Amino acid sequence: MIKKITFLILICFVVFSCKKDDDTVDACLEITNVIATNITTSIATINWTDPNGSDSYIVEYGESGFVLGSGTMVVETMTSTTLSNLNPETTYDVYVQAVCSTNNSSLFSDVLSFTTETLPVVPEFRPNLSELNLFSGNLGDLNISSRAFKYELNTQLFTDYAHKQRLVALPENTTMQYDGDGLPIFPDNTVIAKTFYYNIDERDLSLGRIIVETRVLIKINGAWETGDYKWNAEQTEATLDLNGSIVPVTWIDVNGETNSVDYEIPTNTDCFTCHHTYEDITPIGPKLRNMNFNVDGVNQLDEFINRQRLTGVSSSTEVSSIVNWQDTSESLEDRARSYFDINCAHCHIEGGTCEVQSTLRLAFETSLEDSNIVERKSSISLRISEYSQDFSMPFIGTTIIHAEGVELLRAYLQTL
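In structure tokens:
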């Protein structure tokens, strides 16, 4: 009897064990090789490898750092999906899960991160500055788009003590071409922008700034065109304004003194006055000789060459340079001539606005004898030393005297 009972128990155990083995479900393995391709400003294709041969997949995505379960989910039956309606210049995280059966899914894959492309710069004068795509993120932060680059000048033009941010946006797969020490040849659809602003308190930059205007040059069909964007009080947008206006600005300088100016945004006619040579509009600042100096320890022209932004020249050593007018280690003459070059020469050259009414020729490369500075030094000293509309120099672009510049030029003129 005992033997029969034992035998029955063994039979039941075997039957139960076999039934349990029959119910065993294969593990649903994790997705591998998740990649992103065909990335644009708003679309990306996600591909992956499935070791299971599953019939469906769950794709979850969101901006970088999102928590699983809070993202956007897509169900796919193929080993790829296209994500759309993405934001430009934004990093996204993507996870993929295989669904092997109704109650059997894999763990989510390792995270895939990718960044959408930046919107292309628009070489047109649109109603709002934001529409040109020169900046990324909040417009008032002045974060330059990755499709543009910043440039600096060794000696800068004086504009009522305003700070300036300068940038160039070249069309894709183009460069500035070397054409001597002056202006390079810019391709069509180049955009040059200069933004004017004041720090609220020069002693504490964390207090922010007041952005007044952004001047824009666009090369269209071989000719430069000008436009000016006036910033709103909220510092969130700038609108195209070709008629000019006056903006009262107050700031505190490094000495703690309060300064005020009635800043004059130029009209489009004013822009032509300074920017034309004969009948052609030309940029003033970005001459190679004025960009040939170190910025953050690296020569700016060499950086342009290395990044394929400037071609036709192999080294900055092949380009002459003007000096920083504030650098007292340079000669007084070079400092003064550099100051004349950036502040005055665009009008006082052949073909400039003052070609007929003045004999002064103030480009840096013009010899002292041909410049007529010696003959006109009394007139120069008088017209830079006091501000009077229609008399003082520069003729337009400033509303106050540049005390430090006047001191430099007077010291130089006294040596002649």
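Numbers in the working numbering are just positions in the sequence shown, counted from 1, shifted up by 720. The C-beta atom is built at its ideal place from N, Cα and C for all residues, glycine as well. Bear in mind that the values here come from a model prediction, so they are computed numbers and not experimental data.
Alpha carbons only, please: which of the options is nearest the one belonging to residue i?
{"i": "Ile-938", "options": "Phe-1060, Val-932 and Gly-947", "result": "Gly-947"}
{"i": "Leu-1016", "options": "Trp-971, Leu-849, Ile-1116 and Lys-870", "result": "Going by the sequence as given, residue 1016 is Asp instead of Leu. The candidate whose alpha carbon is nearest that of Asp-1016 is Lys-870."}
{"i": "Asn-1187", "options": "Pro-907, Cys-1064 and Gln-885", "result": "Past the edges of the chain, shown from 721 to 1136, lies residue 1187, and the structure says nothing about it."}
{"i": "Ser-790", "options": "Gly-1032, Glu-954, Val-814 and Ser-1098", "result": "Val-814"}
{"i": "Ser-1040", "options": "Ile-1004, Leu-1021 and Thr-989", "result": "Leu-1021"}
{"i": "Arg-1057", "options": "Val-841, Leu-877 and Gln-1077", "result": "Leu-877"}
{"i": "Arg-1096", "options": "Ile-1104, Glu-1085 and Leu-1080", "result": "Leu-1080"}
{"i": "Tyr-777", "options": "Asn-753, Cys-820, Val-787 and Leu-788", "result": "Cys-820"}
{"i": "Leu-827", "options": "Leu-749, Tyr-781, Leu-839 and Thr-895", "result": "Leu-749"}
{"i": "Asn-1063", "options": "Pro-1114, Ala-1131 and Val-1076", "result": "Pro-1114"}
{"i": "Leu-1008", "options": "Asn-853, Met-896 and Asp-1000", "result": "Met-896"}
{"i": "Leu-925", "options": "Asp-1047, Tyr-781 and Ile-972", "result": "Ile-972"}
{"i": "Asn-848", "options": "Val-1126, Pro-904, Ala-958 and Ile-864", "result": "Ala-958"}
{"i": "Gln-1046", "options": "Asn-874, Glu-1038 and Tyr-949", "result": "Asn-874"}
{"i": "Leu-887", "options": "Arg-867, Leu-903 and Pro-904", "result": "Arg-867"}
{"i": "Val-967", "options": "Leu-1052, Asn-979, Gly-976 and Tyr-983", "result": "Tyr-983"}
{"i": "Thr-761", "options": "Thr-810, Asn-1044 and His-883", "result": "Thr-810"}
{"i": "Asp-921", "options": "Asn-975, Thr-894 and Ala-889", "result": "Asn-975"}
{"i": "Trp-944", "options": "His-883, Cys-991, Thr-987 and Thr-799", "result": "Cys-991"}
Where does the unbroken beta strand (DSSP E) through residue i begin, and where does it stop?
{"i": "Leu-803", "result": "800-803"}
{"i": "Glu-1085", "result": "That residue, Glu-1085, is in no beta strand (DSSP E); it is neither H nor E in DSSP."}
{"i": "Ile-931", "result": "929-940"}
{"i": "Ser-776", "result": "776-783"}
{"i": "Ser-821", "result": "811-821"}
{"i": "Ile-985", "result": "978-985"}
{"i": "Ser-965", "result": "965-972"}
{"i": "Trp-951", "result": "943-951"}
{"i": "Asn-975", "result": "First-last for Asn-975: undefined, no H or E at that position."}
{"i": "Glu-796", "result": "792-796"}
{"i": "Val-754", "result": "752-757"}
{"i": "Ile-766", "result": "764-769"}
In angstroms with no decimal places, state the Cα-to-Cα distance between residue i and residue j.
{"i": "Ile-985", "j": "His-1066", "result": "19 angstroms"}
{"i": "Asp-1054", "j": "Thr-956", "result": "41 angstroms"}
{"i": "Ser-1091", "j": "Ala-1123", "result": "23 angstroms"}
{"i": "Ser-1035", "j": "Phe-845", "result": "35 angstroms"}
{"i": "Leu-859", "j": "Cys-1074", "result": "37 angstroms"}
{"i": "Gln-1134", "j": "Val-1094", "result": "10 angstroms"}
{"i": "Thr-836", "j": "Tyr-812", "result": "8 angstroms"}
{"i": "Asp-880", "j": "Ile-1120", "result": "6 angstroms"}
{"i": "Asp-742", "j": "Ser-784", "result": "Residue placement at Asp-742 is flagged as unreliable, the pLDDT there being 48, under the threshold of 50; a coordinate-derived value is accordingly withheld."}
{"i": "Leu-1129", "j": "Pro-808", "result": "49 angstroms"}
{"i": "Cys-994", "j": "Thr-1118", "result": "12 angstroms"}
{"i": "Gly-745", "j": "Pro-891", "result": "Residue identity check: residue 745 is Val in the sequence provided, not Gly. Spanning the two alpha carbons is a distance of roughly 58 angstroms."}
{"i": "Val-795", "j": "Thr-838", "result": "28 angstroms"}
{"i": "Glu-1127", "j": "Asn-1010", "result": "22 angstroms"}
{"i": "Gly-1071", "j": "His-996", "result": "8 angstroms"}
{"i": "Phe-1024", "j": "Ser-774", "result": "51 angstroms"}
{"i": "Tyr-1132", "j": "Asn-853", "result": "44 angstroms"}
{"i": "Thr-792", "j": "Leu-806", "result": "11 angstroms"}
{"i": "Ser-1099", "j": "Ser-1108", "result": "14 angstroms"}
{"i": "Tyr-781", "j": "Asn-753", "result": "16 angstroms"}
{"i": "Gly-1125", "j": "Phe-906", "result": "31 angstroms"}
{"i": "Asn-1026", "j": "Asn-893", "result": "14 angstroms"}
{"i": "Thr-989", "j": "Phe-834", "result": "46 angstroms"}
For residue i and residue j, which I take to be in contact (beta-carbon distance under 8 angstroms), what is that distance rounded to the nearest angstrom?
{"i": "Asp-770", "j": "Ile-755", "result": "Wrong, their Cβ atoms sit about 13 angstroms apart, outside the cutoff."}
{"i": "Val-779", "j": "Val-816", "result": "5 angstroms"}
{"i": "Phe-1084", "j": "Ile-1042", "result": "5 angstroms"}
{"i": "Ala-764", "j": "Leu-788", "result": "Actually they do not touch by this definition, with Cβ atoms about 19 angstroms apart."}
{"i": "Leu-1088", "j": "Asp-1061", "result": "In fact, because the Cβ distance is near 13 angstroms, the residues do not count as touching under 8 angstroms."}
{"i": "Asp-908", "j": "Asn-941", "result": "7 angstroms"}
{"i": "Ser-865", "j": "Ser-856", "result": "5 angstroms"}
{"i": "Thr-915", "j": "Leu-862", "result": "6 angstroms"}
May I ask which residues mark the beginning and end of the alpha helix (DSSP H) holding residue i?
{"i": "Ala-1123", "result": "1123-1133"}
{"i": "Leu-832", "result": "Segment 832-835 is the beta strand (DSSP E) holding Leu-832; no alpha helix (DSSP H) there."}
{"i": "Ile-1062", "result": "1052-1063"}
{"i": "Ile-1104", "result": "1097-1105"}
Can a CB atom of chain D be found closer than 7 angstroms to the CB of residue i?
{"i": "Cys-1064", "result": "As a matter of chain content, chain D is missing from the structure shown, which is built from one protein chain."}
**Prompt:** In the stretch 990-1035, which residue ranges form an unbroken alpha helix (DSSP H) of at least 4 residues, counting only runs that do not cross its ends?
**Reply:** 1008-1011 and 1020-1026
message = Suppose only complete runs of 3+ residues qualify. What are the beta strand (DSSP E) ranges in the stretch 834-919, listed by chain order?
response = 883-889 and 911-919
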